[in-house]
Amino acid sequence: MSPQYDAVIVGAGFGGMGAAIALDRLGLSNLVILEREDDLGGTWHVNRYPGLAVDIASVTYSYSFEPNPHWSRLFAPGEELFRYAHHVADKYDLKRRMRFDTVVEGARWDENAHHWVVAIENSDPITARCLLTATGFLSQPHRPDIPGIDSFAGDVVHTTAWDAEFEPEGRRVGIIGTGATAVQLVPELAKRAEELTVYQRTPIWVVPKLDVPIPAAVQRLFARLPFTQWIARAVSTSILEAIMVSAVLHYRQAKFLNRAAALAARAHLRAQVRSRAVRSKLTPDYDFGCKRPTFSNHYFRVFNRPNVHLETNSIDHIEPDGIVTTDGHKTQIDSLVLATGFNLWDVNFPAIEIVGREGRNLGKWWRDNRFQAYEGVAVPHFPNFLTLSSPYSYSGLSYFTTIESQMKHMTRLLREARRRGSDTFEVTERANAEFLDRMTDNLDDSVFYRGSCQTSRSYYFNQHGEAAILRPTSTINAFREAGRFALDDYEFTPADTGPGDSWTRS
Ligand code: NAP
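Residue numbers (the working numbering): 8 to 513.
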């Protein structure tokens, strides 16, 4: 029996939309995009806290084939990213194929029918020739299990579920967490709250953000002469690439560059915070890059304000009206903000249950073995499956680099499957093992294994102690391999129906 769709894509963020655009270009337009939220945009729909902005320059943090000449700033605010996502969905005719409020419970490969059966909460299952998961890396919010947290009597707001009605004015606010999200939110809360206590467990490296408005004349130039924006993109992408490749991935060879980045962050801190004691508390004791560093011109300075307090004693428990630290001190608060990030390794890899050939359960297999995915997209025993938010897939610092190299990989792969008249493709054990070995070898030069990361509590590391999210190669290498990987790294099974007939041509 033919499946209902050529492809099911799980996730209507930028990753899922990129995958849909790549499939459309191949003529595989009989697809559906399933999204658990009530709108598209992924992280840019879910995160709406004050101060939200991109921290990779917008000319780079966008699809190369869909430049937006009208970014208002070098680092656009979150709502512009959300509008851009809608613009892309409209322009590429994706919305009519999206189903919102649709929770995918799991997917199972049907070995007889050669298709995926996707189970959906409160709805009939659907079938598709291919399954693509674009569920993101930071999509399962982490709510800390601190004793007494449920007894707190005031508002509790997680940054991924921001309450637009929440007014910090005149309130004593406590915020837990000092990751990239808190770095954006804390300055906004500090302006409005009567008292703000920031609970820091691990300090974060923060470097200055060279953020300026993009003048209307430059926006017009970008619109009239798109190559000028392309040049701006090339410059910004090259800077990020240089930071990533030299300071993080080639730490062993270029330790001095890593040290220089840390020095720049320390100088930034010194210039912004008056108190030596506070500066000391805000200084990380792990190497730059072990944990994702961030950019801000406003974060450090708030700690000079009389209404802002930095608390570095561990939280012992929470009471209905305050937070008690392990030194016995209680800070009374009216509202609690959780900037506590996301759970990646326990619930996100994969975000749904996926069962492949011979009953192999992806999540269990990854945990029992090692987290792995050939070229960050394919796994043996999982035919016609592309996992876009997977181990070793995140290439470079901008997510769009990852998305576009994956689009390139799937284009080469699916074109070949159709050319051969195959109805299934599956990466070989050999190719997967070789890729994993190569990534493991490459990581040996990185700050993750050569630097001092023990105290970083970084989500880059999984429960096996492996830094298995980032692809430890340059993005140039990722793009090159996406367009040139050996086709015999995959096994293609001929369709019973004759060449090409198994794929819908729309
Ligand atoms: P995060 O980096 O994981 O930070 C979570 C924070 O909560 C950490 O400081 C963590 O402390 C703290 N925390 C968690 N549980 C805790 C507990 N039980 N007690 C005390 N503290 C606790 O999450 P995030 O700040 O949301 O950022 C996640 C990622 O989102 C970033 O790395 C970045 O990739 C992305 N992001 C991007 C942008 C952008 O502009 N593009 C903006 C925001 C976020 P420990 O460090 O000690 O665990």
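For glycine and all other residues, C-beta sits at the position ideal for the given N, C-alpha and C. Model, not experiment: these values are computed from the prediction.
As assigned by DSSP and simplified to three states, the class of residue i
| i | result |
| --- | --- |
| His149 | coil |
| Glu441 | helix |
| Gln470 | coil |
| Lys216 | coil |
| Pro398 | coil |
| Val53 | helix |
| Glu195 | helix |
| Trp373 | helix |
| Val255 | helix |
| Pro233 | helix |
| Phe389 | coil |
| Ala126 | strand |
| Ile63 | coil |
| Leu35 | coil |
| Ile133 | strand |
| Phe310 | helix |
| Arg115 | strand |
| Val331 | strand |
| Gly490 | helix |
| Lys337 | strand |
| Glu202 | strand |
| Tyr406 | helix |
| Leu351 | coil |
| Ser513 | Because Ser513 carries a pLDDT of 46, less than 50, the predicted location of this residue cannot be relied on, and the following value inherits that uncertainty. Looking at Ser513 - three-state DSSP - the assignment turns out to be coil, as it is neither helix nor strand. |
| Ala261 | coil |
| Arg283 | helix |
| Met446 | helix |
| Leu47 | coil |
| Gly505 | In this predicted model, Gly505 has a pLDDT of only 48, less than 50, meaning its place in the structure is not dependable; the value taken from the coordinates is given anyway. Here Gly505 sits in coil by DSSP. |
| Ile359 | coil |
| Gly181 | strand |
Residues of its chain near residue i, where Cβ-Cβ distance is below 7 Å and the 5 sequence neighbours each way are ignored
| i | result |
| --- | --- |
| Pro132 | Val124, Val125 and Ala126 |
| Leu420 | Phe432 and Tyr497 |
| Arg199 | Pro175 and Glu176 |
| Pro469 | Rather than Pro, the amino acid found at residue 469 in this sequence is Asn. Closer than 7 Å at the Cβ level, and outside the excluded window around Asn469, lie Trp352, Phe378 and Ala475. |
| Ala438 | Tyr381 and Asp496 |
Distance CB(residue i)-CB(residue j) smaller than 9 Å
| i | j | result |
| --- | --- | --- |
| Val434 | Asp496 | yes |
| Ala160 | Pro327 | yes |
| Phe389 | Gly363 | yes |
| Leu88 | Leu247 | no |
| Val163 | Leu345 | yes |
| Leu81 | Asp218 | yes |
| His77 | Gln226 | yes |
| Ala188 | Asn304 | The question names Ala, yet the displayed sequence has Thr at residue 188. No. |
| Phe310 | Val280 | yes |
| Gly143 | Gly296 | no |
Same chain, Cβ closer than 6 Å to residue i, five either side skipped, listed in chain order
| i | result |
| --- | --- |
| Asp117 | Val124 |
| Leu41 | Val17, Arg106, Thr109 and Val111 |
| Leu138 | Val15, Ala114, Trp123 and Phe392 |
| His6 | Given a span of 8 to 513 for the chain in the structure shown, any question on residue 6 remains unanswerable. |
Neighbourhood of residue i by C-beta, 8 Å cutoff - its chain only, sequence neighbours within 5 removed
| i | result |
| --- | --- |
| Gln147 | Phe349, Asn350, Leu351, Val354, Asn355 and Ala358 |
| Ser368 | Reading off the sequence shown, one finds Asn at residue 368, where the question assumed Ser. For Asn368, where only same-chain residues beyond five positions count, the Cβ hits under 8 Å are Glu360, Ile361 and Val362. |
| Pro154 | Asp323, His324 and Ile325 |
| Ala92 | Gly20, Phe21, Met24, Leu47, Gly48, Gly49, Trp51 and His52 |
| Thr290 | Pro210, Arg273 and Leu276 |
| Ala197 | Leu203, Val309, Arg312, Asn314 and Val315 |
Identity of the residue in the options nearest residue i by Cα
| i | options | result |
| --- | --- | --- |
| Pro398 | Pro387, Glu382, Glu176 and Lys337 | Glu382 |
| Leu6 | Ser253, Lys198, Tyr467 and Arg208 | Any answer about residue 6 is impossible in this case: the structure gives the chain only from 8 up to 513. |
| Gly181 | Leu203, Phe82, Pro233 and Val315 | Leu203 |
| Gln207 | Ile250, Lys288, Leu276 and Val225 | Lys288 |
| Glu195 | Thr166, Glu436, Trp373 and Thr418 | Thr166 |
| Leu443 | Glu473, Phe499, Gly143 and Val39 | Glu473 |
| Pro387 | Met414, Glu411, Ala440 and Arg426 | Ala440 |
| Asp334 | Arg286, Thr347, Glu411 and Thr319 | Thr319 |
| Tyr56 | Leu192, Pro215 and Ile183 | Leu192 |
| Tyr467 | Leu145, Leu35, His121 and Pro10 | Leu145 |
| Trp536 | His471, Asp452 and Asp451 | A question about residue 536 goes unanswered here, because the residues of the chain that appear run from 8 up to 513. |
Proximity test, Cβ basis, 9 Å: residue i and chain C
| i | result |
| --- | --- |
| Ala200 | Among the chains of the structure shown, chain C does not appear; only one protein chain is present. |
Residue environment, residue i, which counts as buried when at least 16 other CB atoms sit within 10 Å
| i | result |
| --- | --- |
| Ile238 | exposed |
| Glu128 | exposed |
| Ala424 | buried |
| Ala14 | buried |
| Glu201 | exposed |
| Asp152 | exposed |
| Gln339 | exposed |
| Phe492 | buried |
| Ser513 | Bear in mind that the predicted position of Ser513 carries a pLDDT of just 46, short of 50, making it too unreliable to give a figure here. |
| Glu172 | exposed |
| Asp430 | buried |
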